Amino acid sequence: MENNNSVEERSTGSAAQQQNPGIDILQRLLESLREGDAATQRAAWISIQDPNIMTSLAECWQSDNDTVDTLLITIGSIRGQATRARNLRSAVRNLSDSLVRRRSDDMLDELEENLAANLTLSSCFGNSGPPATIVSPDILDLLVSPRGFAIDAAGVYRLAASTEGDLVRTRIAAAPFFIAGRTSDVLTGEARLQAIWRGPAGWCSRVVSRRTLMDTSKLIGLADLEAPVSSMNLANLVSYLADFEAENRHRLSSLRSTPRMGWQPGGGFLLPESYYATADEADEQLVLTPPAGFESMSKGWMTSGTWDGWLEAASLVSPYPHMHVAIYASVAAPLMKLLRLPGFVVDFSGETSGGKTTALRFAASVWGSPSENYPTAMYSWDATKVWIERTAGYLQNLPLLLDETKRAKHNGIVRDVIYDFCQGQGRGRGAVEGTRYTDSWQSILISTGEGAATDFSEDAGTRARVLSLKGKPLGSNPDIGGQISEETQAILADNHGHLGRRVIEYLVANQPRHNEIRAVYKEARDKYAHIATSAVARRHAAHLAALEIAAGITAQLGMASCDEDPFAFLIECQEAAGRDADRPLAAFQDMLSWCAANSARFHGRHEVTGHGVSRVPMHGWAGRWSKDQDWDEIQITTLTMREVLKNLGHHPAEILNRWADRNWIIVNPDGKSKRSRPVRIEGAIMRCYCISREAMETCLGD
């Protein structure tokens, strides 16, 4: 019995060794190391390095890891063999992993070869793919899932083969995510990719910089847009997207893109839904890729309703010149680049409920929605300078429409925006990589407010940039004006955006005649410059000429003319701007008039009691002003000067600077102060601004 058992054991062991030859190899190595001399041990280790033997050990590691690990530990326990045993274990394990990957790759190759026709995204998604409004079915028929990955309506998976030869799918994204196209920015050359995914709210498409999809630190930003990304799957997704792009590089559609609307480098004009290309660009495509935060703004610049419907609304305001000026100003915005003009401002001001906002709605309806609700083509002055700057840059050659100057955060914003807008370029800003792209534009700002936009600045330069139309655009009868406002608003809400498209079609189609348009503009500019009576009015001659060109184009396109001549009103505004330009002089005259009306508040012209005691004014001394016939100056306390100027609607700091430049304020002889000096009044020392009699007589004309 014992002999029979021994035979059975030897037979079983022999079978095991045949199944796992690697174990037999290790056992022989163990015996050689235990019993052999140094030469025998060296020979044993050298034999192990044979590639076939190492492959056998790696395969044995996969099938019986515990036994192989035990034998290697035993070998390592032999004196002087620990390091070699450790190295052998590491080499066997690495080779085993390599064999697993190779086998997995072979399985995947075989699988993908057998199912090649079914790897397209259209077959992967079936009837659960994105709608045609997100990505064309033709594109889904071309794109394929990359090797080693799978995608379906439930997510994205990494594929691998198990040691048993089974295909293992590990989900790396909880929703489908892929790349549908690539674009190249015509302004910066930056590569951008169209990323598509399905979020909780449905399928989503975004054109993002290539770095966003290839950098884990940038990819996580798409989580805010409900993309299936998280800190747990970023590395896997970046690997998948990189492989997807590489696999489909020759299949991805390649388009030109731009981050802003308006005139483009090729000579065409871009609006949200279409690119109006020149004849040379007939086969070119250009897509709009708005900067972050501007995606929804584009929806406010779309069309709705019909051209005839818009013309019906325009016919209702045919008696009102201001309404036509608003339309002409909106149409003239893309003409600024064609006529090589810097931007300017058209401002409607007057009492509330006079039709100012209705005029702004007509200006907005030329290009898009005139709604008060976002998205819209008209915005509010209740915004930061940075927002206004970036919006102007995004619109580029489309008008910027801002309602109600009184909603500005502070008066300085209106003044600064006017200067910055007319300059046509945003502030330079730094970035981690160097400098940011600087926004630029060439357009017209159309503004409304109860007070004129020019009231927010004392500079003549502001008057030269702002064409100010004061009054009630819908006439002085509130009942008639209110009814027209309601009717036109209802029509414009459903019919808008058509005139602007017709203007762009006209300008693009007539590019060979642009020099003729410039010649007509020059004649109009010279005409208005000839009738101007001031330098500021001459500056406005170019603005009136641009509006006249716009009026001519709208007439050619079928818009009825105004019952009254709008340019008669514009000429009056041109001259009024010149008269209003010298704000320092106006402020000086206002201040002197106040002094004359309040002379009793000045020591020297004050009242006295019956006992000859000075009667102190109720509001305190305003300064000192001699009653002598040969007085030479008026001394006004600094507090009084600033308070009165402010109450009169002027900006004290700005006005005092201008007065100092014109030497209307007497400079202190000691040189310690250029603007004021100490004056003793009834024993108290007060700082005063001193105005000379000569300056007073010159400015008052007496």
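My numbering applies: residue 611 is where the sequence shown begins, and numbers increase by one.
For each residue, glycine too, the CB sits at the ideal point set by N, CA and C.
Keep in mind it's a predicted model, so treat the numbers as computed, not measured.
Apart from sequence neighbours up to five positions away, the residues of its chain that approach residue 1225 with a beta-carbon distance below 8 angstroms are 1216, 1217, 1218, 1219, ordered along the chain.
Rounded to whole angstroms, the separation of the alpha carbons of residue 1167 and residue 976 is 13 angstroms. Within the stretch 787-839, the complete alpha helix (DSSP H) runs of at least 4 residues fall at 820-824, 826-829. For residue 972, there is no enclosing beta strand (DSSP E); the residue is found in the alpha helix (DSSP H) stretching over 966-975. With a cutoff of 9 angstroms on beta-carbon distance, residue 940 and residue 993 are scored as not near each other. DSSP places residue 1066 within a helical segment (H, G or I) once states are collapsed to three. Judged by their CB atoms, residue 796 and residue 876 are nearer to each other than the 9 angstroms cut-off.
A direct Cα-Cα distance of roughly 12 angstroms separates residue 917 from residue 925. Check the Cα spacing between residue 849 and each of 861, 833, 824, 841: the tightest is with 824. For the pair of segments examined, the stretch 802-817 was found not to touch the stretch 754-761: the number of CB pairs separated by less than 8 angstroms stays below three. Residue range 1054-1059 is occupied by the beta strand (DSSP E) that includes residue 1059. The bridge partners DSSP lists for residue 783 are 766.
Note that the stretch 1194-1208 touches the stretch 1260-1271; at least 3 beta-carbon pairs, one per stretch, sit closer than 8 angstroms. Collapsing the DSSP output to three states places residue 760 in a strand.
Sequence-distant partners of residue 1292 (beyond 5 residues in either direction) whose C-beta falls short of 8 angstroms from its own C-beta, in its chain, are 1213, 1224, 1226, 1231.
Going by DSSP, residue 1110 is part of the alpha helix (DSSP H) stretching over 1108-1119. Around the CB of residue 644, fewer than 16 other CB atoms lie within 10 Å, so the residue is classed as exposed. Within the DSSP secondary-structure output, residue 1301 pairs in a beta bridge with 1244, 1275. Cβ neighbours of residue 816 within its own chain (closer than 6 angstroms, five residues either side excluded): 805. The three-state reading of DSSP puts residue 995 in helix, counting H, G and I together. Taking a contact to require three or more Cβ pairs closer than 8 angstroms, the stretch 949-958 and the stretch 1148-1168 qualify as touching. Cβ-Cβ distances below 6 angstroms link residue 1139 to 1148, 1151 in the same chain, with the five nearest sequence neighbours on each side left out; the list follows chain order. Residue 1032 has its alpha-carbon roughly 35 angstroms from the corresponding atom of residue 1301.
In terms of Cα proximity to residue 888, the closest of 1097, 742, 1290, 1121 is 1121. In the pairwise beta carbon analysis, the stretch 1076-1088 is classified as touching the stretch 1179-1192: at least three pairs are separated by under 8 angstroms. Excluding five sequence positions before and after residue 783, the CB atoms of its chain that fall closer than 7 angstroms to its own CB belong to 765, 766, 838, 843, 847, given in chain order. Per the Cβ contact rule, the stretch 980-991 is not in contact with the stretch 850-861 (fewer than 3 Cβ pairs under 8 angstroms). Shown here, residue 1295 sits in a strand according to DSSP, grouped into three states. Within the same chain, Cβ atoms closer than 6 angstroms to the Cβ of residue 1236 are found at 1214, the five residues on either side in sequence being excluded. As the crow flies, the alpha-carbon of residue 800 is around 18 angstroms from that of residue 894. Distances from the CA of residue 949 to each of 632, 868, 1128, 821 were compared; the closest alpha carbon is that of 1128. Excluding residues up to 5 positions away in sequence, 1101, 1104, 1105 lie with their Cβ nearer than 8 angstroms to the Cβ of residue 919 in the same chain.
Between the stretch 1014-1028 and the stretch 902-915 there are fewer than three C-beta pairs closer than 8 angstroms, too few to call the two in contact. DSSP places residue 938 within a helical segment (H, G or I) once states are collapsed to three. Counting only the Cα atoms, residue 1257 lies some 33 angstroms from residue 1091.
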